[in-house]
Amino acid sequence: MSKFAKKRGKSSPKISTASLPDIIFMLLFFFMVVTVLRDAELKVAVNTPQATELTKLEKKSLVNYLYIGRPVKRFQSLYGTKPRLQLGDKISNVHDIPLFLEKHRVKVSENQRPGITSSLRIDGQVTMGIVQDVKTELRKSGQLKVNYSAKPRAN
Amino acid sequence: MARKSSKERLSNEINAGSMADIAFLLLIFFLVTTTIVEDKGILVKLPPWSEEEPDITRLKERNVFSVLVNASNQLLVRGQPMRIGELKERTKEFISNPQRREDLAETPKKAIISLKNDRGTNYKTYLEVYNELQAAYNELRNEEALKRFGKEYEFCNNQQRAAIRADIPLILSEAEPTAFGEESTE
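Protein sequence lines, in the order shown, are assigned to chains D and X. FYI, the numbering for the first sequence is 1 to 155, going by our numbering. FYI, the numbering for the second sequence is 156 to 341, going by our numbering.
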């Protein structure tokens with residue numbers, strides 16, 4: 001018994017730590033690729049109006065974002081200058097909303113689904129026509145919890 | 156004997172040179188994943204979709220507070236032009252009806268706000284109007300909470316809030332917008 005113990009104590013292996021940084025970098029790259037960093041790149045210019053009666057949105061995973069505004073300069077040749085709707089990172093039409101909502105809904109666990117909120121980030125200069133179309137489509141899709149995104153304003 | 160001890164010392168040392176790397180890695184990871192921008196806004200519950208328009212004509216006229224916004228962003232409240240700045244006070248007066256006037260709401264429970272806009276109305280104006288209406292209700296609820304529970308609505312528990320909400324419900328009916336104005340198409 002003592003023989004074994006002695007042997008083990010003697011031949012403790014040296015672990016080279018030279019490759020540790022490489023492993024760490026590998027992990028870093030893995031996470032960089034896998035994580036969704038932030039909201040989609042904005043293809044429309046959105047400057048939300050100011051308001052006072054604001055509610056803070058909790059639980060980011062339960063929120064989906066719809067942007068409405070004029071396409072930014074870079075995309076004007078492609079999408080024109082009329083106000084457009086952006087879902088995720090694509091410029092879309094109002095008919096694409098049900099699919100967009102469904103794609104988000106399946107990612108949320110079933111008991112949390114009633115809490116799903118649509119955050120409408122709409123440019124202040126946009127007219128209500130397109131906003132109304134989007135609202136109608138949201139109502140038709142049963143997405144009734146809506147947040148009109150706005151900036152805080154001092155009283 | 157001397158050789159053994161030196162070996163032992165070697166095995167007990169952990170190279171701490173890479174700890175900095177690990178720390179930086181975590182730092183970068185969290186820096187990237189956290190989004191600092193918080194989303195605030197006016198939370199609204201839309202009515203469920205139905206094919207037919209809600210009919211507000213069968214309601215008593217005194218209980219309906221109609222707000223119209225036209226394509227030039229002007230307000231018409233119960234047939235009278237109005238600036239947005241006055242809207243909140245007038246709404247509060249309408250809902251609470253402190254002087255028991257004949258032409259204002261019977262009780263806050265029966266008060267209905269009817270909002271109608273044009274397809275050419277600016278979203279900014281629409282949101283401002285909505286904000287003022289919401290503000291009127293929030294202030295009334297706050298006053299009621301102070302009177303009833305001695306604290307602001309914000310600090311009431313869920314049961315107290317529900318009681319106040321039941322007495323001063325926000326009933327806002329949005330009609331299908333008119334289409335007289337120019338939409339931003341240029």
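Cβ coordinates follow ideal geometry from the N, Cα and C atoms, glycine included. Keep in mind that this is a model prediction, so the values were computed, not measured.
Boundaries cannot be given for D/T81, as no alpha helix (DSSP H) includes it and DSSP labels it neither H nor E. Taking C-beta atoms as the reference points, D/S119 and D/Y79 fail to come closer than 8 Å. D/L85 places its beta carbon 8 Å or farther from that of D/Q143.
Contact annotation: the stretch 268 to 284 of chain X touches the stretch 222 to 239 of chain X, with at least three C-beta pairs closer than 8 Å. Taking a cut-off of 8 Å on C-beta distances, the stretch 96 to 114 of chain D does not touch the stretch 244 to 263 of chain X, as fewer than three cross pairs fall below it. In this structure, X/S205 lies away from X/S269, with their beta-carbon atoms at least 8 Å apart.
Our two residues, X/E294 and D/V94, have alpha carbons roughly 36 Å apart in a direct line.
Using a CB distance cut-off of 8 Å, D/L57 counts as an interface residue toward chain X. Taking all protein chains in view, the Cβ of X/F249 is crowded by 16 or more other Cβ atoms within 10 Å, so the residue is classified as buried. In the three-state DSSP reduction, D/V108 falls in the coil class, being neither helix nor strand. For a Cβ distance threshold of 8 Å, nothing in chain X lies close to D/G88: the least Cβ distance comes to about 16 Å. Among the bridge pairs identified by DSSP, D/G88 is matched with none. By the CB criterion at 8 Å, D/V46 and D/D123 fall inside the cutoff. Secondary structure at X/D273: strand, using DSSP grouped into helix, strand and coil. Annotation: D/T117 is outside any alpha helix (DSSP H); the continuous beta strand (DSSP E) that includes it extends over 117 to 122. Contacts with chain X at 8 Å (Cβ-Cβ) do not include D/A154. Residue-level contact by beta carbon holds for D/Y148 and chain X, with a gap shorter than 8 Å. At least one CB of chain X lies nearer than 8 Å to the CB of D/V63. For X/F220, the enclosing beta strand (DSSP E) starts and ends at 219 to 224. Around the beta carbon of X/N312, fewer than 16 other beta carbons lie within 10 angstroms, which makes this residue exposed. Look at the stretch 229 to 286 of chain X and you find these whole runs of beta strand (DSSP E), each 3 residues long or longer: 230 to 232, 235 to 237, 267 to 272. Nearest to X/A330 by C-alpha distance, out of X/I177, X/I267, X/P236, is X/I267.
Near chain D, meaning a CB-to-CB distance below 9 Å, no residue of the stretch 300 to 323 of chain X qualifies. Among the CB atoms of chain D, none fall inside 8 Å of the CB of X/N225.
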